[in-house]
Every structure is written in structure tokens, then in C-alpha cells.
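Student: According to my numbering, the residues represented by the sequence shown are 1462 to 1668, in order. Here's a structure for you.
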Amino acid sequence: MVGALWRSQRAVIVGDPLQLEPITTIPFEAEQAIRAHYGVGEEWLTGRSSVQSLAGRLYPTLPQSKWIDVRSETSHGHWIPAEGDEVDRILAHLGKIGFDSSQAMAIAPFRDVARPLSERTRAHPGLRAGTIHTAQGKEADVVILVLGSDPASEGARMWAAERPSLLNVAVSRAKRRLYVVGDREAWMRQRYFDALADRLPHDHSRL
């Protein structure tokens, strides 16, 4: 595979590392000598690794897209601190698996929510954060959509669901994963958001 990858700008690696080990005719002692000469770890030994397993280490494995259901009656305007806690946990997990913050975007329908999200950029350099409107025309591997909204303000949620364009822009920013954070029961009563709720796995747990 080395020759093929050397000549490629991009590659999609597909395989199952739990199948039979790769076959190599190079003696183990020779592999060890080459490895020691170039100062690399044993995970690069061809007799013990596959291209697919190496690719998996180089590109972090992300949890599946999901709706993280947060129910809280405590809010500051449309900002719900409990949702902010979930965002912090998501970002911490992404950092733990080696995911680059510059490939993530945290967006919200309301300015009250976008402002606290923007504050997270200090702890996570490269993270892009703001309202859904400011995200138009941009993309990220991971999009965290933080819905917010005052629990007592049904009108705010109705405004966000007035046309499909707001949700469409938010969802279509994500290239690989979409994590929705918010009160699922409250938002799924709104049109368009009900379709999103039907299509995303959901629970109260973290990533």
C-alpha cells in the first residue's frame, strides 16, 4: 500500500482490522532493525498492523451523530447553563481523542446562546462559534448545534421553526458529525425540528 499512498493526495481506507492478520515475508528481525533505524514504534511493524488500523489511529474515531437531550428550567435569557455543561463535555471528549478544535463549530439560533459559546474559543483554540446566520457558507467536520431558548418562551422556538432555512443551514454545516444539544421534547413540537428528532439517536447521556 505504501506505493499507492505515496502517489495519492487523498485516500479512503476501508477494511476490518479484526480479520486475519496481514501476510508479510520480511523476517521479524529485519523489520525490527528497520524500525529501530528510523526510530518508530512497534505499531508500524507490517506483521502486526494493517493499513486500516494505522489510518484509524491517524484520524480520530468520532462518536455517532446524536441528540443530547437536556431538560432544565434554569435559563439566562435563551442560554441554558446545563446545555453549556454538555458542550464542555463534548469539547473535552473531542480533545481527549485528539480531535483538532479547528475542525469543530458550535452554533445556535439565538445570540444569547452564541455569546457564551464564543467564550469557549479561549479554552479550545480554533473552535468556531456563533449564530447559525454567521455560519452560513462555512463547514466543519463536527457541528454542535446548541438550541437553547427560554423554557417558558414557546414563541422563540416557533420563530426558529418558522421556515426550514435556519435548521437546514445549521445541519448542512456538518461534514462528518452533528451533535444537537437541547430539550428534545420542547423542540420536537416544532415543524422541521420534529423531523430532525426522528432521524437522530437521542438519550440523556454524554458522548
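A virtual CB, placed ideally from N, CA and C, is assigned to each residue, including glycine.
1. My assumption, with CB atoms under 8 Å, is that Leu1662 sits in contact with Lys1527. Please give the rounded CB distance.
2. For Leu1639, which residues does DSSP report across the bridge?
3. List the residues that DSSP assigns as beta-bridge partners of Ile1568.
4. If I follow the unbroken beta strand (DSSP E) through Ile1529, where does it start and stop?
5. Looking at Val1548 and Ile1605, is the spacing between their C-beta atoms short of 8 Å?
6. Could you tell me the boundaries of the alpha helix (DSSP H) in which His1498 lies?
7. Does the structure place the stretch 1575-1588 close enough to the stretch 1616-1630 that three or more beta carbon pairs sit under 8 Å?
8. Mark Asp1664 as exposed unless 16 or more other C-beta atoms lie within 10 angstroms of its C-beta, in which case mark it buried.
9. What are the residues that DSSP puts in a beta bridge with Trp1540?
10. I'd like to check one pair, Gly1502 with Phe1489: are the Cβ atoms closer than 8 Å?
11. What is the DSSP secondary structure of His1554, counted as helix, strand or coil?
12. To the nearest angstrom, how far is the alpha carbon of Leu1657 from that of Asp1530?
13. If you follow the alpha helix (DSSP H) that Arg1618 is in, where does it begin and where does it stop?
14. Cβ of Trp1648 within 8 Å of Cβ of Arg1618?
15. When you compare only the Cα positions, how much space is there between Pro1524 and Ala1553?
16. Between which residues of its own chain and Pro1542 is the CB-CB distance below 7 Å, once the five residues before and five after are set aside?
17. Any idea which residues DSSP pairs His1663 with across the strands?
Tutor: According to the structure data:
1. In the sequence shown, counting from the first residue as 1, residue 1662 sits at position 201. In the sequence shown, counting from the first residue as 1, residue 1527 sits at position 66. The sequence given here has Pro at residue 1662, not Leu. Indeed they touch by this definition, with Cβ atoms about 5 Å apart.
2. Counted from its first residue, the sequence shown places residue 1639 at position 178. Partner(s): Val1604.
3. The residue you call residue 1568 lines up with position 107 of the sequence shown. DSSP output for Ile1568 lists Gly1591 and Leu1606 as bridge partner(s).
4. In the sequence shown, the residue the question calls residue 1529 occupies position 68. Counting along the chain, the beta strand (DSSP E) containing Ile1529 begins and ends at Lys1527 to Asp1530.
5. Mapped onto the sequence shown, residue 1605 falls at position 144. Mapped onto the sequence shown, residue 1548 falls at position 87. Result yes, Cβ atoms of Ile1605 and Val1548 sit closer than 8 Å.
6. Reading the sequence shown from its first residue, position 37 is the one you call residue 1498. Where His1498 is concerned, the enclosing alpha helix (DSSP H) stretches over Phe1489 to Tyr1499.
7. no
8. As a first step, residue 1664 must be located in the sequence shown, where it is residue number 203. Per the 10 Å Cβ criterion, exposed.
9. Here residue 1540 refers to the residue found at position 79 of the sequence shown. Answer is His1537.
10. Locating residue 1489 in the sequence shown gives position 28, counting from the first residue. Locating residue 1502 in the sequence shown gives position 41, counting from the first residue. No, these two residues do not count as a Cβ contact at 8 Å.
11. In the sequence shown, counting from the first residue as 1, residue 1554 sits at position 93. Note: His1554 maps to helix in three-state DSSP.
12. Position 196 of the sequence shown, counted from the first residue, corresponds to residue 1657. Position 69 of the sequence shown, counted from the first residue, corresponds to residue 1530. Whole-angstrom Cα-Cα distance: 13 Å.
13. Counting from one through the sequence shown, the residue named residue 1618 turns up at place 157. Arg1618 -> alpha helix (DSSP H) spans Glu1615 to Ala1621.
14. Indexing the sequence shown from 1 puts residue 1648 at position 187. Indexing the sequence shown from 1 puts residue 1618 at position 157. Taking 8 Å as the Cβ cut-off, Trp1648 and Arg1618 qualify as a contacting pair.
15. Taking the first residue of the sequence shown as position 1, residue 1524 is located at position 63. Taking the first residue of the sequence shown as position 1, residue 1553 is located at position 92. Pro1524 and Ala1553: Cα-Cα distance of roughly 13 Å.
16. If you number the sequence shown from 1, residue 1542 lands on position 81. Cβ neighbours of Pro1542 beyond the five flanking positions: Thr1535.
17. To locate residue 1663, count along the sequence shown from 1; it is residue 202. In the DSSP output, where bridge partners are listed per residue, His1663 has Trp1528.
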